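Note sheet for the following structure.
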Amino acid sequence: MKIQLSDHFNYKKLLRFTLPSIVMMIFTSIYGVVDGFFVSNFVGKTPFAAVNFIMPFLMILGAVGFMFGTGGSAIIAITMGTGDHEKAQRHFSLFVYLSFVCGIVIGVLGILFIRPVAALLGAEGVMLDNCVLYGRIILAALPAFILQYEFQSFFITAEKPQLGLVVTVAAGVTNMVLDALFVGVFRWGLAGAALATAFSQLVGGIVPVIYFLRPNTSLLRLTRTKYDGRALLKACTNGSSELMSNISMSIVGMLYNVQLMKYAGEDGVAAYGVLMYVNMIFLAAFIGYSVGVAPVIGYHYGAGNHEELKGLLRKSLAVVGSFSVSMVVLGEVLARPLSMIFVGYDQGLLELTLKGFLVYSFSFLFAGVAIFGSSFFTALGNGLISALISFLRTLVFQMAAVLLLPLVWGIDGIWISIVVAELMAAVVTVLFLIGMRGKYRY
């Protein structure tokens with residue numbers, strides 16, 4: 334039975350509707366991890382460190398897709414909630430076309446400046462050359478990468494989350510198969526891993542464009558549009574929290590790498606890379622749920638269904654809480670086997686990674702609250718509060734913690750810093766949810 338945005342959502346229906354988004358985000362994270370596995374085990378420790386060293390910079394450039402996807406989806410969902418579907422189609426088309434153009438411009442600039450950026454961050458010698466090689470190949474597919482992230486939100490708003498999952502799985506399988514072929518069989522090394530990722534992004538970004546250009550059974554279709562500065566500004570403002578979140582996480586990732594180079598050298602960067610891969614998979618469940626439920630929240634807010642809005646918030650907090658406890662348990666239990674997958678060939682690196690893993694896992698207990706809270710306010714059209722939560726969570730709290738705590742506990746302070754930052758962000762999010770009850774009537 335088809336689930337519509339206008340439906341009443343109990344727990345079962347809510348989980349059924351958001352499950353494709355959750356699986357989609359987790360699968361996206363898993364196939365992103367495949368590069369790390371093949372590079373670490375087939376190419377070497379230094380190229381593996383290089384991939385993780387330059388990845389935050391690449392993620393900053395691709396963050397435009399999150400901004401247009403989440404911010405634009407909220408605008409489209411609210412517009413559909415008011416009954417103006419033709420206007421929603423125009424907004425959808427404008428966001429897709431503009432983000433593609435942005436991808437071309439940003440990709441070209443990234444290719445030109447990646448070497449000085451990597452050098453400025455501290456990469457040198459072979460590691461610098463590896464950063465440039467991997468980064469330039471990925472940046473050649475940046476327009477598709479931006480569209481891929483954008484359509485993860487738009488498929489949900491179009492009431493086609495299952496189709497979004499199919500496209501993501503297709504992109505993921507492409508990456509996995511090509512990684513095995515290019516790196517494992519042809520031995521193309523780091524370039525092979527980058528090519529595998531670039532081709533998978535082409536699948537994830539271009540296939541949805543073809544679908545939405547043709548007549549389809551979804552709520553959305555790419556049509557003729559016209560420039561709407563007000564809608565564009567609203568989408569950018571509304572999605573600024575997700576943009577800020579991704580940029581901030583990338584900046585903090587760079588800072589972590591700098592601190593780890595200082596306290597543990599390349600081994601520290603490699604260990605952090607393993608934690609980031611696992612972190613991506615675990616947080617993908619929170620992000621997937623938040624992205625999946627956001628159009629529902631936006632629709633009912635636009636339609637003035639305040640009782641349904643209250644129920645969605647209450648149920649969502651219960652779901653996020655259950656996820657949080659489960660992830661901490663899984664993190665502690667799976668720390669050693671997951672570390673072995675990536676760095677089992679180096680005993681010293683393995684022990685460093687495992688020690689960090691056991692501390693880092695406790696951050697999952699608090700991370701989901703702020704991730705959902707930011708998405709919740711984005712869905713309500715309040716980009717300011719959403720951006721503030723993301724800014725504090727991903728930049729202010731983490732920067733302060735990673736700069737100060739290592740002065741007391743050394744490298745252990747780096748692993749503890751993420752736990753402290755997520756706890757502080759969760760507290761701030763709860764305070765905002767309490768403070769804004771009267772305005773939004775949830």
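Using this note's numbering, you'd call the opening residue of the sequence shown number 334 and step up by one each time.
Glycine is no exception: its CB is placed at the ideal position from the N, C-alpha and C atoms.
All figures in this text were calculated on a predicted structure; none of them were measured in a lab.
Item                                                                                                                       : Value
Stretch-stretch touch, CB-based, cutoff 8 Å, three pairs: the region 682 to 692 with the region 738 to 749                 : yes
M460 beta carbon less than 8 Å from that of A410                                                                           : no
Contact belief for S551 with A491 at Cβ below 8 Å, rounded distance in angstroms                                           : 4 Å
Span of the alpha helix (DSSP H) around P548                                                                               : From DSSP, P548 is part of no alpha helix (DSSP H); its letter is neither H nor E.
Helix, strand or coil at W742 according to DSSP, with G and I counted as helix                                             : helix
Spatially closest choice to P449 from R469, M673, Q680, by CA coordinates                                                  : R469
The region 708 to 726 / the region 621 to 637 touching (three or more Cβ pairs under 8 Å)                                  : yes
Burial state of A651, where buried means 16 or more other Cβ atoms lie within 10 Å                                         : exposed
Rounded separation between L576 and V500 - CA only                                                                         : 23 Å
C-beta contact flag for Q485 and G402 at 8 Å                                                                               : yes
Cut-off 8 Å between Cβ atoms - residues of its own chain near I355, not counting five sequence neighbours on either side   : A617, A618, G621, Y622, G625
Proximity to M660 [Cα-Cα], best of N612, S707, T686, L593                                                                  : N612
Residue environment, N792, which counts as buried when at least 16 other CB atoms sit within 10 Å                          : It is not possible to answer for residue 792, since the shown part of the chain is limited to 334 through 775.
Whether S657 touches L698 by CB criterion (8 Å)                                                                            : yes
Cα-Cα separation between F545 and Y430, rounded to whole angstroms                                                         : 12 Å
Spatially closest choice to I539 from T351, I479, M413, I704, by CA coordinates                                            : I479
Collapsed DSSP secondary structure at W521 in the structure displayed                                                      : coil
Unbroken alpha helix (DSSP H) run spanning L475, endpoints                                                                 : 475 to 490
Buried/exposed call for T351, threshold 16 Cβ in 10 Å                                                                      : buried
Nearest-angstrom Cβ-Cβ length linking L496 and G443, presumed shorter than 8 Å                                             : Going by Cβ atoms, the distance from L496 to G443 rounds to 30 Å, so no, they are not a contact pair.
For F675 and S373, believed in contact at Cβ under 8 Å, the rounded distance                                               : 5 Å
The ligand COA heavy atom lying under 7 Å from the CB of L645                                                              : For the ligand COA, the structure offers nothing, since it holds no ligand at all.
Cut-off 6 Å between Cβ atoms - residues of its own chain near L736, not counting five sequence neighbours on either side   : none
N508 vs V367 beta-carbon contact at 8 Å                                                                                    : yes
Proximal residues to D340 (C-beta, below 8 Å), its chain only, five neighbours per side dropped                            : K346
Boundaries of the alpha helix (DSSP H) in which A504 is found, first to last residue                                       : 494 to 512
Whether F705 touches S649 by CB criterion (8 Å)                                                                            : yes
Where R349 sits in the DSSP three-state scheme                                                                             : helix
Check whether R554 and Q422 have beta carbons under 8 Å apart                                                              : yes
Proximity of V602 and M609 at Cβ, strictly below 8 Å                                                                       : no
Range covered by the alpha helix (DSSP H) that runs through H639                                                           : 639 to 676
Run of the alpha helix (DSSP H) containing L683, from where it starts to where it stops                                    : 680 to 693
Length of the line joining the Cα atoms of E684 and G436                                                                   : 40 Å
Contact under 8 Å by Cβ, L391 with I471                                                                                    : yes
Beta-carbon contacts of L498 that lie in its chain and below 7 Å, excluding the five residues immediately before and after : P353, V356, M357
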